[in-house]
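Line by line, the protein sequences are chains A and B.
My numbering applies: residue 76 is where the first sequence begins, and numbers increase by one.
My numbering applies: residue 499 is where the second sequence begins, and numbers increase by one.
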Amino acid sequence: MSKIKFGIVVFPGSNCDADAYNAIINDMQQEAVYLWHKETSLQNSDVIILPGGFSYGDYLRTGAIAKFSSIMNEVIRFAKSGGTVLGICNGFQILLETGLLPGAMLRNTSLQFSCKFVHLKVENTNTRFSSTCSHNEILKIPIAHGEGNYYTDTATLQELEEHQQILFRYCDSHGEVNEESNPNGSLLNIAGIINKEGNILGMMPHPERTTNEELGSTDGKKIFLSLIET
Amino acid sequence: MKTPIINLQLAQQLGLTEEEYNKILSLLQRTPTYTELGIYSVMWSEHCSYKNSIALLKTLPRSGGKLLVSGGEENAGLVDIGDGLAVAFKIESHNHPSAVEPYQGAATGVGGIMRDIFTMGARPVAALNSLRFGSLTDARTKHLFKYVVKGIGDYGNSFGVPTVAGEIYFDECYQGNPLVNAMAVGIVEHKNTASAIARGKNNLVMIVGSSTGRDGIHGATFASEEISEKSEAKRPSVQVGDPFTEKLLLEATLEVIKAGYIVGIQDMGAAGITCSTMEMSAKGKSGMLIDLDKVPLREENMTAYEIMLSESQERMLLVAKPEHEQKIKSIFDKWDLHCVTIGKVTDDGIVKIMYQGRVEAEVPAETLVLGGGAPVYIRETKEPEYLQHTRPFDFSQLPQPKNFNTVLEKLLASPNIANKHWAYEQYDSMVQTNTITQAGKSDSAIIKIKGTKKYLTVKTDCNSRYVYLNPHKGAEIAVAESARNVVCSGGKPLAITNCLNFGNPYKPEIYWQFKEAIAGIANACNILETPVTGGNVSFYNESPNAAVYPTPTIGMLGLIEDAKHITTPAFKNAGDEIILLGKNTGDLSGSEYAKVIHNIVAGSPTIDIEFEKKLQTCCLEMIYNGLIQSMHDISEGGISVGLAECCIFGNLGCTVNFAETSLRKDFLLFGEEQSRILISVKPENLNTIKNLCEENLIPYEHIGKVTTTKELIIGKEIQKGIEQLQDIYMNTITNIMKQAL
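If you want it as structure tokens, here you go:
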């Protein structure tokens, strides 16, 4: 099987770019290239990753300035033509700012940054991001954010549910989706959503932090593996 | 702005003494300009010159072992870890800024220590911090705690370095003067290290990073005086941090260093352009001609004095050959950072500062710096009165507790012992994907070194109550405990950095504490073979009420050679045998039990460092031979809290019984005598462990078993459900902080 090429966008202030690169190359044994924000070529990448971090310092609003980067015009074009895009944490925030995914992020209800392992319930396995997961599988993957409190209007929320766009919900270790297992106050415990077409995923948890046994979980591998095998 | 008249009175206003002012007059053979006076005042401030500490610091073991540069020679220590790699690490205080502006004070403390690491060419891989506040029942303490933690988090999280370990203590003595000590650890290939030196006549001097504003002027001077009611007015002396710019500066700096374009580089911390130009020139025995008109400014009408003394953050001074100027500029341009040539290197030892066509300063660099012309004082010492009362205290007069379960609950709920995850979860501890374990889950943090089989293990430690009660032994204990914590994670202790937080050195009692503590650190470091790579001294930690406890925080670096050696405190399997290494003496000196239950701070803590060395060596041998299931250092709260923590982390119970002893039960269960370690081992390894202990003359006692019944049972005294202990231990601080503001 030929290797999948992941293009990892580097904004000034990205700080999980190297982690994603390392996970793809060393743990997933695939190809990866960095895409500098001032460039306009996606270098024939099969999958684009918008990594975590604090692009442009997250000044103004998380992800708000990144959407004006040169590279983002190409990423948007790529996504609209069906290309696979994975936004992690700050990447998810950028996807919301560009409108590639609906909704917005509020500050965590605790008003505090929160970094810890959480559990996610996989609610749709019929996507290119989750095909190797089983239905309702529980993944253990960490979060690290101050603004992951997903919000949108009721109509959009209904639409997300109807089209099975809610891919991951925060749950406890037994799979219970409730207020206690929600680390940031997001609506319906949303941790990750896809677009209607299913080629764009935004998620707050960091799968690139769980591709190696030593780091406490390998559940992040399943997301990358789904992309590789699709 | 009109230039003031230069005289002794002005010099004193800037923090100089009469003796020092006269020394300046004789060094220059003329009256200094206003800018020059400002330069001398900050360079000779305690913060930059170490004038009251350097003579004693030189008595510490500062070379040998795996050290690649001697302690204090560069911006941070450098330790060889094999595979062509070295570790740069250092701890530094940001106490005074954090006392008046906790968020920015703590944030810029993190930023400053990070720059010390990457200015050496090393990529920061871990951040730690050692924090001390007043009593957590106090509203102001909650405010300081909340915003110091937020400041550390917001800076480190955005900068992209995991904050993995540290310690947080609460005590009334820190009420008016909290301590915020930040430590950073970085990794560099030997061939890519950089030095803070200016040499080569006509080489270029460049300023890179942020523009220069009026923030932080005289920050170094502010750090060199006691906190008083007037301190609030010094809020403008606190710098403002921008982690985003620092992240760009990190990437650009490492890129130019790796490309080999740099002759020398120094970050701008205290005393900004002044300190970096003077120190780099003095180190290279060169000089500089600087044109301040070229410095990118963020405010209008700044004077030479203000530009020279500004402590605007996220700036670096670098020296490069003229042929590399364009290449360097293009790298900084890529990262959208300023990079401007502001002068050149000369060879006459003079730093000459030009601004708007005038000579603003012309001073011999050597006269300004530590090790050169900066004053060196050895102050008067006097043993403090209080020791006459605390030292001979007889603990047997304390009443025995009626209910030991209640005592254990109270100790686990003491903010000094209770788990601090409320704070640690606000830090990104996992970015860079190297974090194996972190603060609040193990005795020291463990960081994987990608591309090798090795791991770093790091910890900060200092029980300042011990140091207060016995400065010499207390300091030895701080070194020993940090090393013990590293050993308990499977690491060999390599070297330390220290942050020495004390009161006003002009008070003989304070200076006595300082001198005694230095002697203790020196002795412990010599015997444990962990040289001092550098660090920082912070005097004047006093509020109108009193000085803080003497707090020599130790940052220990250890190396784990193989994944198989990684060890944690959590009990692993029911049926494992629990063994206590070391000897119970029932010493309540400075203990959390004496303080929390009896409101007594007394006694005189002690330690035998030679024995500690033997114990640590033996423990590493057990780990290397694969004999250990869990290992945990016994510290605050004594053996009962130690056992409770092993159960809480492992989600298992244990049943423990001690051999007959003449010790009072509360002394036995809550005493904090040093050099004791709890291990659990598989039953089949029990004999091997006993033999090893006997061979190495390590006292041991087989005290019990790990159990599936989720209960902690110790003799007839303690019987508690683990879930209840977990609830107290894990949630106390979160509950207290929920009520905060």
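Backbone N, C-alpha and C define an ideal beta-carbon position, used for all residues, glycine too.
Predicted model, so just to flag it, every value in this text is computed and none were measured.
State the start and end residues of the unbroken alpha helix (DSSP H) segment that holds residue i.
{"i": "Y821/B", "result": "Note that residue 821/B corresponds to Glu in the displayed sequence, not to Tyr. Premise fails: E821/B is in no alpha helix (DSSP H) and is neither H nor E."}
{"i": "F643/B", "result": "637–657"}
{"i": "N679/B", "result": "N679/B -> not in any alpha helix (DSSP H); beta strand (DSSP E) instead, spanning 677–687."}
{"i": "M852/B", "result": "Note, M852/B: premise wrong, no alpha helix (DSSP H); beta strand (DSSP E) at 848–853."}
{"i": "P969/B", "result": "969–986"}
{"i": "L1167/B", "result": "1163–1168"}
{"i": "G1140/B", "result": "1136–1148"}
{"i": "A696/B", "result": "A696/B -> no alpha helix (DSSP H), and no H or E assigned at all."}
{"i": "D614/B", "result": "600–616"}
{"i": "H887/B", "result": "884–888"}
Show which residues of chain A have a CB atom less than 8 Å away from the CB atom of residue i.
{"i": "L746/B", "result": "P87, G88"}
{"i": "W833/B", "result": "P87"}
{"i": "N1082/B", "result": "Ordered by position in chain A, no residue passes the 8 Å Cβ test against N1082/B, which lies about 36 Å from the chain."}
Can you name the residues of chain B whose CB is closer than 8 Å to the CB of residue i?
{"i": "E289/A", "result": "I934, K946, A1061"}
{"i": "F81/A", "result": "In chain order: nothing, as chain B lies at least about 16 Å away."}
{"i": "Y131/A", "result": "F742"}
{"i": "C91/A", "result": "G658, V929"}
{"i": "N97/A", "result": "T931, K948"}
{"i": "P320/A", "result": "A question about residue 320/A goes unanswered here, because the residues of chain A that appear run from 76 up to 305."}
What whole-angstrom Cβ distance do residue i and residue j have, given they're in contact under 8 Å?
{"i": "R813/B", "j": "V761/B", "result": "At roughly 18 Å, the Cβ-Cβ gap does not stay under 8 Å, so R813/B and V761/B are not in contact."}
{"i": "I1216/B", "j": "S1133/B", "result": "In fact, because the Cβ distance is near 18 Å, the residues do not count as touching under 8 Å."}
{"i": "D926/B", "j": "P622/B", "result": "With 8 Å as the limit, D926/B and P622/B do not qualify as a contact, their Cβ atoms being about 13 Å apart."}
{"i": "L302/A", "j": "F204/A", "result": "6 Å"}
{"i": "M541/B", "j": "N573/B", "result": "With 8 Å as the limit, M541/B and N573/B do not qualify as a contact, their Cβ atoms being about 16 Å apart."}
{"i": "L1055/B", "j": "F587/B", "result": "6 Å"}
{"i": "Q105/A", "j": "I79/A", "result": "5 Å"}
{"i": "A978/B", "j": "E1110/B", "result": "5 Å"}
{"i": "E222/A", "j": "Q168/A", "result": "7 Å"}
{"i": "V1167/B", "j": "I1234/B", "result": "The sequence given here places Leu at residue 1167/B; Val does not occur at that position. Their Cβ separation, rounded to whole angstroms, is 26 Å, which puts L1167/B and I1234/B out of contact at 8 Å."}
{"i": "T533/B", "j": "A859/B", "result": "5 Å"}
Note the first and the last residue of the continuous beta strand (DSSP E) segment covering residue i.
{"i": "R621/B", "result": "621–631"}
{"i": "C997/B", "result": "990–999"}
{"i": "H194/A", "result": "189–197"}
{"i": "D740/B", "result": "Taken as a continuous stretch (DSSP letters only), D740/B belongs to no beta strand (DSSP E), as it is neither H nor E."}
{"i": "F587/B", "result": "583–591"}
{"i": "F81/A", "result": "80–85"}
Please list, in chain order, the chain A residues whose beta carbon lies closer than 7 Å to that of residue i.
{"i": "S927/B", "result": "C190"}
{"i": "G607/B", "result": "Result: empty, since nearest Cβ-Cβ is about 18 Å, beyond 7 Å."}
{"i": "G1240/B", "result": "As shown, chain B starts at 499 and ends at 1239. That puts residue 1240/B outside it, with no answer to give."}
{"i": "N917/B", "result": "Per Cβ cutoff of 7 Å: no residues; N917/B is ~13 Å from chain A at best."}
By Cβ distance, which residues of its chain are closer than 6 Å to residue i, with the 5 residues on each side in sequence left out?
{"i": "G128/A", "result": "G88, S89, N90, C91, N165"}
{"i": "F1037/B", "result": "E544, F1000, P1003"}
{"i": "L566/B", "result": "L576, D578, A584"}
Can you give me the Cβ contacts of residue i inside the same chain, cut-off strictly under 7 Å, excluding the 5 residues immediately before and after it?
{"i": "G1219/B", "result": "K1208, E1209"}
{"i": "T305/A", "result": "R203, S206"}
{"i": "N932/B", "result": "V623, I945, K946, K948"}
{"i": "T1153/B", "result": "G1202, K1203, T1205, I1211"}
{"i": "K908/B", "result": "V1094, I1095"}
{"i": "I1146/B", "result": "I1220, L1223, Q1224, Y1227"}
{"i": "L1057/B", "result": "I579, K952, L954, G989, K990, L992"}
{"i": "V647/B", "result": "A921, Q924"}
Report the neighbours of residue i on chain B: residues whose CB is nearer than 7 Å to its CB, in chain order.
{"i": "Q187/A", "result": "Q924"}
{"i": "P284/A", "result": "According to the sequence shown, residue 284/A is Arg rather than Pro. Those are M928, T931, listed as they occur along chain B."}
{"i": "G128/A", "result": "G658"}
Is the beta carbon of residue i within less than 6 Å of some heavy atom of the ligand NAD?
{"i": "L1118/B", "result": "Ligands displayed in this structure: none; no statement on the ligand NAD is therefore possible."}
Can you list, in chain order, the residues of its chain whose CB lies under 8 Å from that of residue i, leaving out five sequence neighbours each side?
{"i": "P258/A", "result": "N183, S189, K191, V193, I218, G223, Y245"}
{"i": "H836/B", "result": "I705, V706, G707, S708, S709, P794, F830"}
{"i": "Q602/B", "result": "P595, G649, V736, Q737, V738, G739"}
Mind listing the chain B neighbours of residue i? Cutoff is C-beta to C-beta under 9 Å, in chain order.
{"i": "D294/A", "result": "Under the 9 Å cutoff, chain B gives no residues; its nearest Cβ is about 14 Å from D294/A."}
Fill in: Any alpha helix (DSSP H) of 4 or more consecutive residues that is wholly inside the region 209–253 of chain A
229–237
Worksheet item: Hey, which unbroken runs of the alpha helix (DSSP H) at 4 residues or more fall wholly within the region 1052–1133 of chain B?
Response: 1090–1096, 1107–1122
Discussion item. Extract the residue ranges of the beta strand (DSSP E) inside the region 764–819 of chain B, only unbroken runs of 3 or more that lie entirely within it.
Written reply: 785–789, 813–818
Worksheet item: Mind pulling the beta strand (DSSP E) runs of 3 or more residues that sit fully within the region 97–132 of chain A?
Response: 106–111, 122–125
Worksheet item: What are the complete alpha helix (DSSP H) segments, minimum 4 residues, inside the region 529–553 of chain B?
Response: 532–541, 544–547
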